[in-house]
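Data first, discussion second: the structure below is written as structure tokens.
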Amino acid sequence: MSKVSQIGQASLSILIYHRVLARPDPLFPGEVDAVLFQRQLRLLKRFYTPLPLAHAVQRLRDGSLPPRAVCITFDDGYADNAQVALPLLQQHALHATFFIATGYLDGGQMWNDSVIEGVRHASGPVLDLQAVGLGRLHVDTLARRQAAIATLLGQLKYLPFAQRQQLAMHIRRQAGARPRPSAMLSTAQLRQLHAAGMGIGAHTVSHPILATLSERAARLDIANGKRHLEDALQAPVALFAYPNGKMGVDYGAPHVDIVRSLGFTAAVATDWGVARPGAAADLLQLPRFTPWDRGRLAFLWRMRQNRLRPPPARPDAG
Ligand SMILES: [Zn+2]
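In the numbering used here, the protein residues as written are 124 to 441.
Set out below in structure tokens:
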């Protein structure tokens, strides 16, 4: 199919967000903040057809997807989702679905945030991690702190869960980072999102790379996350997001089967692209996309490029 005819076809763009910072963070100049989020919401309203994810899935299934459909999703469950993103979504009468890793509700900290907070607050000029085999990292300038964070996140990402957790805690302690208020949602804030009509989806308990777990452990982590949310909200939770979400790397066909057997009606990955109506739409492995441009034209251009992307290859989940 030519690119031109592909662009004219109905398609569903699902956007991934994690945080919406109240103010820009010099350590992460690319992170979405309130001003940028507001700008992107305006563009989505003007040039796309925003839909709640659950509705979009239904319309993918029955072939009634409107042109340029778009859904907004958030992963992990950061407190700023309720504090900063929710008021902006409400102001624009837009809907988002929030995928929550339940193990971090009410005061938790994800391993990557332990690393980031450690490096951010390290008194420097050097963060000595030789005791755990991670060397000595220079943290005397902003650029070096950024580089140190990228290096450590890359080194830890695919380690076994317990080891990764331990190293992240060690980095935070070694840096002398004081405990700070949790960046994650409280149960009260989770209920606030739900009461405001937002979608809530499951994202496991502990946010493991599913492919590194036994199938039994993966099933438990997925099922317990779903049950925790359903108990807290007294409502069914039918949407799921694979942690990290790269098909064939972070999860595979067995995890798609688990997700189906637990009664989820749709699940989202992090492979880029759009979903298209018809038999080819795999509702348990919907692609998503992260737009990051600050400029209006670049944002719209990249959204369009994503719509031209060929569909990701999926394994047969029997
Ligand atoms: Zn996640």
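Even glycine gets a Cβ: it sits at the ideal position worked out from N, Cα and C. As the structure is a prediction and not an experimental result, all values here were calculated from the model.
Who are the Cβ neighbours of residue i in its own chain at under 6 Å, not counting the five residues just before and after it?
{"i": "Leu275", "result": "Val238"}
{"i": "Asp263", "result": "Gly247, Pro248"}
{"i": "Asp148", "result": "Glu154"}
{"i": "Ala101", "result": "Since the first and last residues shown for the chain are 124 and 441, residue 101 lies out of range."}
Note down, in chain order, each residue of its chain lying with its Cβ closer than 7 Å to the Cβ of residue i, except the 5 sequence neighbours on either side.
{"i": "Pro400", "result": "Ala133, Leu183, Gly186, Leu188"}
{"i": "Pro331", "result": "Phe284, Asp344, Pro366"}
{"i": "Asp229", "result": "Ser309, Thr310"}
{"i": "Met124", "result": "In this predicted model, Met124 has a pLDDT of only 46, less than 50, meaning its place in the structure is not dependable enough to derive any value."}
{"i": "Gln161", "result": "Leu211"}
{"i": "Asp360", "result": "For the sequence presented, residue 360 should be read as Val rather than Asp. Only Ile323, Gly324, Ala325, Lys349, Leu352, Glu353 meet the Cβ criterion."}
{"i": "Met233", "result": "Asp199, Tyr227, His330"}
{"i": "Asn235", "result": "Leu276"}
{"i": "Leu159", "result": "Arg417"}
Apart from the five residues just before and just after residue i, which ones in its own chain have a Cβ nearer than 8 Å to its Cβ?
{"i": "Ala404", "result": "Leu183, Arg184, Ala398"}
{"i": "Met321", "result": "Leu209, Leu212, His218, Ala219, Thr220, Phe221"}
{"i": "Val127", "result": "Residue placement at Val127 is poorly supported in this model, since its pLDDT is 46, which falls under 50; the coordinates still yield a value, given next. Cβ neighbours of Val127 beyond the five flanking positions: none."}
{"i": "His244", "result": "Ala298, Gly299, Ala300, Arg301"}
Does any heavy atom of ligand 2 sit closer than 6 Å to the C-beta of residue i?
{"i": "Gly401", "result": "This structure lacks ligand 2; its bound ligands are ligand 1."}
Worksheet item: How would the residue list near ligand 1 read, in chain order, if you kept each one whose beta-carbon is closer than 6 Å to any heavy atom?
Response: Asp198, Asp199, His326, His330, Pro366
Worksheet item: Taking the runs of the alpha helix (DSSP H) that are 4 residues or longer, which of them lie wholly in the segment 129-182?
Response: 157-170
Practice prompt. For the segment 188-223, list the alpha helix (DSSP H) runs that are entirely contained and at least 4 residues long, ordered along the chain.
Written response: 209-214
Worksheet entry | Any 3 or more C-beta pairs closer than 8 Å across the segment 302-311 and the segment 277-287 | no
Worksheet item: Do the segment 347-360 and the segment 308-328 touch if we need at least three Cβ pairs shorter than 8 Å?
Response: yes
Discussion item. Below 8 Å, how does it come out for the segment 250-268 and the segment 189-203: are there three or more Cβ pairs, yes or no?
Written reply: no
Discussion item. For the pair the segment 366-375 and the segment 154-174, tell me if three or more CB-CB distances fall below 8 Å.
Written reply: no
Worksheet item: Along the chain, which unbroken stretches of the alpha helix (DSSP H) at least 4 residues long are found entirely within the segment 302-390?
Response: 310-318, 338-356, 376-384
Discussion item. In chain order, what are the residue ranges of uninterrupted alpha helix (DSSP H) at least 4 long that sit wholly in the segment 276-304?
Written reply: 284-297
Item to complete: Tell me the start and end of each unbroken beta strand (DSSP E) in the segment 219-268 that is at least 3 residues and wholly inside, in chain order.
Response: 219-223, 249-251, 259-261
Worksheet item: Which residue spans inside the segment 389-425 form an unbroken beta strand (DSSP E) run of at least 3?
Response: 389-391
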